[in-house]
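In the numbering used here, the protein residues as written are -4 to 313. For every residue, glycine included, the Cβ atom is placed at its ideal position computed from N, Cα and C. Just so it is clear, the structure is predicted and the values come from calculations on it, not from any experiment.
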């Protein structure tokens, strides 16, 4: 397997969907809590990147194995196993190595933190595998958008924040006298949930756009995704409405002063995102317009990450 075929197998260009939420959480921890632990940052980064690559590789392998229709853009060009004539053995070995690295670095992160990190990370790990593997992978059901957005958009920034603020009492779990005690700072957790929602929506919409483009092929290949169940028109309405909700969340975060005041400038990205929404609504194509959903995610959440990064730098200097 060459470097090019490996990068295509894991679809390295899509890793922004996990790295950007990771950066959002990291910069928020610095900005709001003035806390950053380099060792935890590096351990989570490696584990996160490897599990994301492994999940994508598993998904491509499953599509290759279960495809009923073995022609067209999605199969012949998009699937790296077909495009580069990769052996199944090498693909399985690559997946195993990536999962092993992700698990090893995740366990090291737990040893440097606490049981909450293990629980959240372990649950995310299991969902990531179940998303692409098993008798009925989550990606082939109407719940793909919810799980992909929830795990990557919510759990990643939550964990990215928590590994830096272990002693701040946001979430604590302990056993005393045989009683399990869970304590949560509701106010801070509420802010973190709001912060994660633009990522949740953006990642969910990437999955939704992908499924809208593939609706005919998915029906033939037995993938009963959300657009298959509710129809293309309703799926497009969900796609459009969710972006408006994301901008409403950003406005609420600014009003609540949970993010820097200059984040008000992020609202200007709406005009470009709106144009992309219009183009996708007019024509849904995996080859031509699917990328607009990826661009929208990067525009909204990339801009949020940059703004939080700037806010973090200012908070450190002040």
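- The Cβ atoms of residue 261 and residue 190 lie no closer than 8 Å to each other.
- Contact fails between the segment 75 to 84 and the segment 179 to 188, because fewer than three Cβ pairs, one in each stretch, are under 8 Å apart.
- For residue 175, the enclosing beta strand (DSSP E) stretches over residues 174 to 179.
- Looking at 50, 204 and 100, the one whose alpha-carbon comes closest to that of residue 279 is 204.
- Distance from the CA atom of residue 206 to the CA atom of residue 56, rounded to whole angstroms, is 18 Å.
- Residues of the same chain with a CB within less than 6 Å of the CB of residue 307, apart from the 5 flanking positions on each side, are 22, 25 and 26 in chain order.
- Put simply, of 245, 154, 236 and 140 the residue whose alpha carbon is nearest the alpha carbon of residue 104 is 154.
- When rounded, the separation of the alpha-carbon atoms in residue 111 and residue 182 is 19 Å.
- Distances from the alpha-carbon of residue 33 to those of 210, 86, 301 and 158 put 158 closest.
- Here residue 80 is exposed. Its C-beta has fewer than 16 other C-beta atoms within 10 Å.
- Beta-bridge partners of residue 167 (DSSP): 178.
- The three-state secondary structure of residue 277, taken from DSSP, is helix.
- Residue 3 and residue 44 do not touch by the CB rule: their CB atoms are close to 16 Å apart, not below 8 Å.
- Residue 130 is classed as exposed because its beta carbon has fewer than 16 other beta carbons within 10 Å across all chains shown.
- Sequence-distant Cβ neighbours of residue 134 in its own chain, meaning closer than 7 Å and more than five residues away, are 54, 126 and 127.
- Between residue 257 and residue 302, the beta carbon gap of about 7 Å places them in contact (Cβ cut-off 8 Å).
- Counting the other CB atoms within 10 Å of its CB gives residue 140 a total of 16 or more, which places it among the buried residues.
- Within the same chain, 294, 295 and 298 come within 7 Å of residue 264 by CB-CB distance, once the 5 residues on both sides are set aside.
- A straight line joining the alpha-carbon of residue 144 with that of residue 60 spans about 25 Å.
- Per DSSP, reduced to three states, the secondary structure at residue 131 is coil, with no helix or strand assignment.
- Secondary structure in the segment 249 to 299: the alpha helix (DSSP H) runs of 4 residues or longer, each lying completely within the stretch, are 265 to 277 and 286 to 292 in chain order.
- Ranking 108, 52 and 115 by CA distance to the CA of residue 92 puts 52 first.
- Your pair residue 42 and residue 101 checks out as a contact, with CB atoms roughly 4 Å apart and the cut at 8 Å.
- Judged by DSSP in its simplified three-state form, residue -4 adopts coil rather than helix or strand.
- The three-state secondary structure of residue 34, taken from DSSP, is helix.
- If you draw a straight line from the Cα of residue 253 to the Cα of residue 236, it is about 24 Å long.
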